[in-house]
Ligand code: GAP
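Next up, the structure:
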């Protein structure tokens, strides 16, 4: 797995092998915005498809939608984002650099920990959590002053007061730049689900409890956007809102907590790299919230959020739209009485696709060294991405460009490409081709050689172990299909 010492190498690797490029790189890039290259886009799609399938196909009470990024501006007034979607910020007057207050303090606490002052770090973080929970900005400023926390650029403690800063991007809709034409780029996909609650419930004849899932872009004007694709200004979310009876939220909250942790394990994340972190300061819409954290190369950080959102969002949309948003439940309660009309409660699961991508790549990235039989050292960089989500499943490599070997290889390619992503290559020595496939994360390579012509067998090479074995050409497709199931 990548660690803090080779994280820069992982970033370089992503660029070199077509995973992630800086956006508009030829113009020196755009901060915290990234493009996915040919391998990255495929891996991202595979992760997204895996999530979509496990939400919608494997749960018969969850359906998926695809709402637009632009929404009526009142949506964001109703959801509370216009008034509340902000972070406390502080500016250094000498460097003019703006920091999110919690990131500045956390960074300082990390430094103390690294210097062996674990207790001090703990105290600072506890004080910060308590002050954030009370929105005590003066107290946060005092904490920064008391600990003489410095700006990383100017190295001074010359700070402004702590202020709130709204994270939504806005743009204008239509030809005139009047205030009523301002629209926002959605900061979460969830609101597209809430405003479509009745549409989906009625047209799908959905019965509570049921869920609506969605994947799509979200935008936040993050102030401190760093750590590669961990915190971006344009990113993708995979969210599911689960609509339930009022009063049952804790039962479903615990259900989804366990379910989502299991799901992350099913995609290859070891359980010891995952943990729960309860929110101290709850968002304006939540009565309980927890993060599933992953141990990234730069420390434990949020990967997914699970939030009990009460009936806040549906009630707000009902109030602002003046349209009744309720559900009629004709099931009987324990007293034999129909539950009747109510505003459903919601438990949400929300994971960042880009963060999950980074999680998978961090785990997959390995620098390996070993001694060969002749005593010399060999090495490779390999991406051990789980086969079921790897961008390319099978590389088909004729040993030579002649003697009818490419023809056999092409035939195999035509047979397999209907079922999974394959890659064909006939250039370079075979060892070099294997290394390139290791670096891209292709789990299986098949080599067609002269023996293939004699006995219809090929060499299959396994990326993780580098073991090679002879198998029947006719069995290759089935063998790979079984491994990627
Ligand atoms: N609808 C609830 C919601 O949006 P959130 O905790 O703000 O909750 C959910 O975001 C997930 O979206 C996070 O756990 C994270 O994986 C991802 N995410 C949030 N901000 C992000 C950013 N700036 N860059 C990349 N991913 C982000």
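Residue numbers (the numbering used here): 1 to 485.
For every residue, glycine included, the Cβ atom is placed at its ideal position computed from N, Cα and C.
Residue environment: residue 472 is assigned as exposed (fewer than 16 neighbouring CB atoms within 10 Å of its CB, all protein chains considered). When DSSP reads this structure, residue 64 sits in a beta bridge with 213. In terms of CA proximity to residue 328, 343 leads the group 343, 111, 437. A straight line joining the alpha-carbon of residue 421 with that of residue 392 spans about 5 Å. The Cβ-Cβ distance between residue 64 and residue 56 falls below 7 Å.
Unbroken alpha helix (DSSP H) stretches of 4 residues or longer found wholly inside the region 63-149: 74-79, 81-84, 101-114, 118-133, 137-146, given in chain order. C-alpha of residue 479 to C-alpha of residue 102: approximately 50 Å in a straight line. Assignment of beta-bridge partners to residue 228 by DSSP yields no partner. For a cut-off of 8 Å, the C-beta gap from residue 408 to residue 448 is around 5 Å, short enough to register as a contact.
In the three-state reduction of the DSSP assignment, residue 410 falls in the helix class, which pools H, G and I. Contact annotation: residue 286 and residue 309 have beta-carbon atoms nearer than 7 Å. Between residue 295 and residue 273, the gap from beta carbon to beta carbon is short of 7 Å.
In the DSSP annotation of this structure, the continuous segment of the alpha helix (DSSP H) that includes residue 14 starts and ends at 7-16. Spatial neighbours of residue 288 in its own chain (CB-CB distance under 6 Å, excluding positions within 5 residues in sequence) are listed in chain order as 253, 308. Fully contained in the region 292-355 are the following beta strand (DSSP E) runs of length 3 or more, in chain order: 299-310, 327-332, 338-342, 345-352.
Listed in chain order, the beta strand (DSSP E) elements of length 3 or more contained wholly in the region 437-467 are 444-448, 457-462.
For residue 237, the shortest separation between its Cβ and any heavy atom of the ligand GAP lies below 6 Å. Annotation: residue 190 is outside any beta strand (DSSP E); the continuous alpha helix (DSSP H) that includes it extends over 190-194.
According to DSSP, residue 38 shares a beta bridge with no other residue. Taken through DSSP and simplified to helix, strand or coil, residue 59 comes out as coil. Separation of residue 369 and residue 202 (C-alpha to C-alpha, rounded to the nearest whole angstrom) is 59 Å.
Under the DSSP assignment, residue 198 falls in the alpha helix (DSSP H) whose first and last residues are 197-203. Not one heavy atom of the ligand GAP falls within 6 Å of the beta-carbon of residue 213. Closest option to residue 93, judged by alpha-carbon separation, among 316, 262, 151: 151. Boundaries of the beta strand (DSSP E) around residue 395: 394-398. Here residue 345 is buried. Its C-beta has 16 or more other C-beta atoms within 10 Å. Secondary structure of residue 164 (DSSP, three-state): strand.
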